[in-house]
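If you're matching positions, the sequence shown starts at 1 in the UniProt record's numbering and goes up one per residue.
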Amino acid sequence: MKPIIYMFLFTLLLFSACNNKETTSKKIIAEAPIAKKLPKELVIHDDTRIDDYFWMRLSDAQKNAETPDAQTQDVLDYLNAENEYLTKVMKHTEDLQEKLYNEIVGRIKKDDQSVPVNDNGYSYYTRYEEGDDYALYCRKKIEEDATEEIMLDGPEMAKGFSYYGIGGRSVSPNNTLISYGIDTVSRRSYTIYFKNLETGEVLDDQLSNTGGSATWANDNKTIFYTTKDPETLRQNKIYKHTLGTSQSEDELVFEETDVTFSCGVYKSKSKDYLMIYSSQTLSTETHYLDANTPNGNWKVMQPRAANLEYQADHYGDSFYILTNLDAKNFRLVKTPISATSKENWKDVIPHRADVLLQGFDVFKNFLVISERLNGLSTIRIKEWNGDDSYIEFNDPAYMASPTSNLDFDTDILRYSYSSLTTPSSTYEINMRTKEQVLLKQQEILDPDFSPENYTSERLYATAEDGTKIPVSLVYKNGTEKSSSTPVLLYAYGSYGNSTEPTFNSSRLSLLDRGFIYAIAHVRGGQEMGRNWYENGKLLKKKNTFTDFIDVGEFLIDEGFTSNYHLYAYGGSAGGLLMGAIVNMQPHLWNGVIAAVPFVDVISTMLDETIPLTTFEFDEWGNPKNKEYYEYIKSYSPYDNVEAKAYPNMLITTGYWDSQVQYWEPAKWIAKLRALKTDDHLLIMDCNMDTGHGGASGRFKRHKRTALNYAFLLDLEHISE
Numbered sequence: 001m002k003p004i005i006y007m008f009l010f011t012l013l014l015f016s017a018c019n020n021k022e023t024t025s026k027k028i029i030a031e032a033p034i035a036k037k038l039p040k041e042l043v044i045h046d047d048t049r050i051d052d053y054f055w056m057r058l059s060d061a062q063k064n065a066e067t068p069d070a071q072t073q074d075v076l077d078y079l080n081a082e083n084e085y086l087t088k089v090m091k092h093t094e095d096l097q098e099k100l101y102n103e104i105v106g107r108i109k110k111d112d113q114s115v116p117v118n119d120n121g122y123s124y125y126t127r128y129e130e131g132d133d134y135a136l137y138c139r140k141k142i143e144e145d146a147t148e149e150i151m152l153d154g155p156e157m158a159k160g161f162s163y164y165g166i167g168g169r170s171v172s173p174n175n176t177l178i179s180y181g182i183d184t185v186s187r188r189s190y191t192i193y194f195k196n197l198e199t200g201e202v203l204d205d206q207l208s209n210t211g212g213s214a215t216w217a218n219d220n221k222t223i224f225y226t227t228k229d230p231e232t233l234r235q236n237k238i239y240k241h242t243l244g245t246s247q248s249e250d251e252l253v254f255e256e257t258d259v260t261f262s263c264g265v266y267k268s269k270s271k272d273y274l275m276i277y278s279s280q281t282l283s284t285e286t287h288y289l290d291a292n293t294p295n296g297n298w299k300v301m302q303p304r305a306a307n308l309e310y311q312a313d314h315y316g317d318s319f320y321i322l323t324n325l326d327a328k329n330f331r332l333v334k335t336p337i338s339a340t341s342k343e344n345w346k347d348v349i350p351h352r353a354d355v356l357l358q359g360f361d362v363f364k365n366f367l368v369i370s371e372r373l374n375g376l377s378t379i380r381i382k383e384w385n386g387d388d389s390y391i392e393f394n395d396p397a398y399m400a401s402p403t404s405n406l407d408f409d410t411d412i413l414r415y416s417y418s419s420l421t422t423p424s425s426t427y428e429i430n431m432r433t434k435e436q437v438l439l440k441q442q443e444i445l446d447p448d449f450s451p452e453n454y455t456s457e458r459l460y461a462t463a464e465d466g467t468k469i470p471v472s473l474v475y476k477n478g479t480e481k482s483s484s485t486p487v488l489l490y491a492y493g494s495y496g497n498s499t500e501p502t503f504n505s506s507r508l509s510l511l512d513r514g515f516i517y518a519i520a521h522v523r524g525g526q527e528m529g530r531n532w533y534e535n536g537k538l539l540k541k542k543n544t545f546t547d548f549i550d551v552g553e554f555l556i557d558e559g560f561t562s563n564y565h566l567y568a569y570g571g572s573a574g575g576l577l578m579g580a581i582v583n584m585q586p587h588l589w590n591g592v593i594a595a596v597p598f599v600d601v602i603s604t605m606l607d608e609t610i611p612l613t614t615f616e617f618d619e620w621g622n623p624k625n626k627e628y629y630e631y632i633k634s635y636s637p638y639d640n641v642e643a644k645a646y647p648n649m650l651i652t653t654g655y656w657d658s659q660v661q662y663w664e665p666a667k668w669i670a671k672l673r674a675l676k677t678d679d680h681l682l683i684m685d686c687n688m689d690t691g692h693g694g695a696s697g698r699f700k701r702h703k704r705t706a707l708n709y710a711f712l713l714d715l716e717h718i719s720e
């Protein structure tokens with residue numbers, strides 16, 4: 001039996017309403033796919049959930065089989081039917097989508113080049129040639145009139161592939177070899193290859209099922225890399241490979257047996273030490289080895305402990321460690337290489353209750369500290385022997401971060417800067433003289449674009465518990481606040497990831513058509529310090545959702561918009577946020593975009609075979625514990641779909657998504673369509689060739705951006 005019973009229905013597209021709540025509508029005749037129901041009982045803690053669409057889940061073996069079995073064919077039929085329905089009901093926007101796509105890619109410099117980064121006698125950069133979706137990875141010797149070497153030819157390598165992801169790239173210490181990871185499925189499982197940069201020969205060595213990057217020992221022939229559990233995709237093993245040998249001969253040097261941890265390997269900035277890290281949400285552990293003795297024995301820096309996080313780098317005779325030990329907002333300590341356990345850690349930058357210490361970078365004469373103060377990123381430069389200062393920034397909302405500082409013995413710091421009105425910029429500052437130079441600013445190929453044409457603001461909404469929630473906004477000069485002004489509100493709010501108020505050239509297509517774009521810096525991120533994160537996770541997760549709703553209501557109360565013109569957007573864990581807010585306050589939004597949304601929270605967190613599940617128990621809670629089960633069930637979007645009116649909704653996913661499996665949004669839209677009582681638009685775009693990050697090319701990915709924007713603009717009666 002096929003999963004779809006086709007029924008003819010009139011789908012009424014509700015558009016924006018006037019202040020007097022009069023509405024206009026457009027009728028479209030289309031076949032809405034109705035998924036079959038095969039009720040499955042899911043029982044735990046003496047509680048039974050009925051999942052009518054559990055059948056949509058396929059295993060990797062089913063997806064990769066040459067000939068689809070009956071279940072697989074049923075799922076493919078359903079996903080394809082949803083895509084066909086999307087095409088039909090959005091057909092009247094095809095010209096608008098094409099116009100938006102051309103606008104967006106038209107602003108992108110076609111023959112662009114990155115700022116070169118110097119390392120070990122070479123200057124490295126990427127560049128694009130006009131019309132190419134993929135980059136050329138290049139280098140030159142640091143000498144006058146040096147000839148360009150194209151290490152990897154992305155456009156040539158990607159030919160014939162619907163998806164082509166180039167992962168980590170690393171050049172050997174003697175500059176003669178490059179390792180690089182390739183993923184052609186979009187499951188973030190890479191094969192590592194090696195190329196001789198002198199002869200152009202690709203070596204026979206191939207390392208499959210890896211995390212995508214390799215770390216060189218200093219002997220130029222020994223490589224350390226991470227492999228993944230083939231089912232859960234958890235990075236759980238680190239191997240040592242010797243060039244010229246088979247992967248089957250590689251030595252296992254570390255295995256992470258705790259399923260709540262994953263592991264990786266990197267090299268210290270000094271290039272003297274190899275580091276293996278093992279981490280979960282609230283705990284880390286590091287092992288280290290002299291990079292000159294790759295066959296030596298690894299030593300543990302500090303044994304893992306619950307709620308102890310630390311990350312290390314090397315300088316002189318010490319390791320410098322960023323840690324939360326006795327420091328909720330983190331502190332920087334150092335310890336002798338000969339005595340690395342925590343009782344030997346001494347403060348370099350002590351803990352401060354009002355400043356989040358996010359990272360550090362060591363130089364011969366300077367220490368650079370990345371901090372977050374009042375919700376905004378800062379860069380602090382400290383001379384080892386005295387002077388201590390901050391780089392000053394003037395925008396009300398911005399992002400600034402050190403970047404690509406590979407040279408240890410230098411007074412020059414390179415950092416990136418962007419704001420809601422300022423394109424991505426790369427600066428160098430002389431840490432001694434404080435003189436700054438702008439090396440490159442993203443070029444926007446639009447003769448009418450100027451940062452001065454746009455305004456950004458930083459406001460604060462009040463949450464239901466009195467907490468002040470930062471809100472970053474940007475709009476084109478002349479856009480008026482009114483009940484008919486469209487506002488797109490974005491948030492993420494999970495894992496302690498801070499949403500940075502940065503520039504996005506695609507966004508101009510909305511701003512130039514009268515939209516205001518807003519970011520709600522909700523709890524669950526880390527914008528306002530570690531407490532901000534801890535108050536938006538586990539048994540406090542609902543703060544994330546109510547914060548977002550409170551920001552939406554604040555924008556209405558302040559006269560920026562009305563609920564007839566307020567839109568919401570979030571992806572992945574931010575898609576969970578979208579699913580929660582449409583259940584909690586469906587009438588607050590005229591339209592919602594949920595990208596690759598994590599919406600079937602209980603079922604996913606109960607299934608330890610699914611990628612990401614086991615090492616996210618500290619983020620969401622383990623529903624095998626009844627207290628967490630009941631709390632998660634109270635907000636899980638899929639479990640809380642009801643028979644009521646929902647806003648217009650666009651849901652996106654990828655068939656090969658390894659982080660949020662396609663069946664979560666597929667089941668969600670099926671349940672929404674079966675229960676909702678409105679005639680608003682409900683559509684899903686399932687890209688059958690990609691995974692969590694969407695298309696791999698720099699232009700192709702904007703096809704979905706154009707679809708998203710067309711969805712919003714169409715609801716606003718904007719057709720050009």
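For glycine and all other residues, C-beta sits at the position ideal for the given N, C-alpha and C. All of these numbers come straight from a predicted model, not from anything done at the bench.
Check your understanding: So, using beta-carbon positions, are Ser-213 and Gly-181 closer together than 7 Å?
Key -> yes
Point to revise | Contact set for Pro-116: own chain, Cβ-Cβ below 6 Å, skip 5 residues either direction | key: Ser-123 and Tyr-125
**Study point:** Exposed unless 16 or more other CB atoms sit within 10 angstroms - verdict on Lys-228
**Key:** buried
Point to revise | Any 3 or more C-beta pairs closer than 8 Å across the region 407–426 and the region 86–93 | key: no
Practice item. In the DSSP assignment, find the alpha helix (DSSP H) that holds Ala-70 and state where it starts and stops. Key: 70–89
Exercise for review: Check whether the Cβ atoms of Arg-234 and Ser-262 lie closer than 7 Å to each other.
Suggested key: yes
Practice item. Label Glu-231 either buried or exposed according to how many other C-beta atoms from any shown protein chain fall within 10 Å of its C-beta, with 16 as the threshold for buried. Key: exposed
Check your understanding: If you count every other CB in all the chains shown that lies within 10 Å of the CB of Gln-585, and 16 or more means buried, which is it?
Key -> buried
Check your understanding: On the premise that Ala-710 lies in contact with Leu-100, defined as a C-beta separation below 8 Å, what is that separation, rounded to the nearest angstrom?
Key -> 6 Å
Review point. Can you give, in chain order, each stretch of the beta strand (DSSP E) that sits fully within the region 439–513 and has at least 3 residues?
Key: 454–462, 468–476 and 487–490
Review point. From Thr-614 to Arg-513, what does the alpha carbon distance come to, in whole angstroms?
Key: 44 Å
Exercise for review: Work out the CA separation of Val-259 and Lys-21 for me, nearest whole Å.
Suggested key: Low per-residue confidence applies at Lys-21: pLDDT is 35, beneath 50, and the placement is therefore not dependable enough to give any value.
Point to revise | Residues bridged to Thr-284 (per DSSP) | key: Ser-279
Check your understanding: Which whole-angstrom value describes the C-beta separation of Asn-622 and Met-605, a residue pair presumed to lie in contact below a C-beta threshold of 8 Å?
Key -> 7 Å
Point to revise | Backbone secondary structure at Leu-713 - three-state DSSP | key: helix
**Study point:** C-beta atoms of Gly-493 and Gly-552 nearer than 7 Å
**Key:** no
Check your understanding: From the DSSP output, which residues share a beta bridge with His-241?
Key -> Ile-223
Check your understanding: Would the beta-carbon of Lys-221 fall within 7 Å of that of Thr-245?
Key -> no
Exercise for review: Indicate the three-state DSSP secondary structure (helix, strand or coil) for Glu-198 in the structure shown.
Suggested key: coil
Review point. With 16 other CB atoms within 10 Å as the buried threshold, where does Val-333 fall?
Key: buried
Exercise for review: Taking Asp-347 as the reference, give the member of Gln-358, Thr-335 and Ala-568 with the closest Cα.
Suggested key: Thr-335
Exercise for review: Return the Cβ separation of Leu-207 and Ile-192 in integer angstroms, given the expectation that the two are a contact with Cβ distance under 8 Å.
Suggested key: 4 Å
**Study point:** Cβ neighbours of Ile-669 in the same chain (closer than 6 Å, five flanking residues each side left out)
**Key:** Ile-651 and Met-684
**Study point:** Candidates Asn-385, Thr-410 and Gly-375, of which the one nearest Ala-400 by Cα
**Key:** Gly-375
Check your understanding: First and last residue of the beta strand (DSSP E) that includes Gly-570?
Key -> 566–571
Check your understanding: Does the Cβ of Trp-663 have 16 or more other Cβ atoms within 10 Å, making it buried, or fewer, making it exposed?
Key -> buried
Check your understanding: Using a Cβ-Cβ cut-off of 7 Å (strictly less than) and excluding sequence neighbours within five positions of Ile-337, which residues of its own chain qualify?
Key -> Asp-317, Ser-318 and Phe-319
Review point. Can you tell which of Leu-707, Ala-643, Gly-496 and Gln-659 has its C-alpha closest to the C-alpha of Asp-678?
Key: Ala-643
**Study point:** Gly-121 - DSSP class collapsed to helix/strand/coil
**Key:** coil
Exercise for review: Go to Ile-632, then tell me how far its alpha helix (DSSP H) extends in each direction, as first and last residue.
Suggested key: 626–633
Practice item. Reducing DSSP to helix, strand and coil, say where Gly-264 ends up. Key: strand
Exercise for review: Ignore the nearest five residues each way along the sequence and tell me which others in Leu-612's own chain have a CB closer than 7 Å to its CB.
Suggested key: Gln-659
Point to revise | Three-way DSSP call (helix, strand, coil) for Ser-318 in this model | key: strand
**Study point:** DSSP-derived helix/strand/coil call for Asp-550
**Key:** helix
Check your understanding: Do Glu-255 and Lys-240 have their CB atoms nearer than 7 Å?
Key -> no
Check your understanding: Under three-state DSSP, which class holds Arg-234?
Key -> coil
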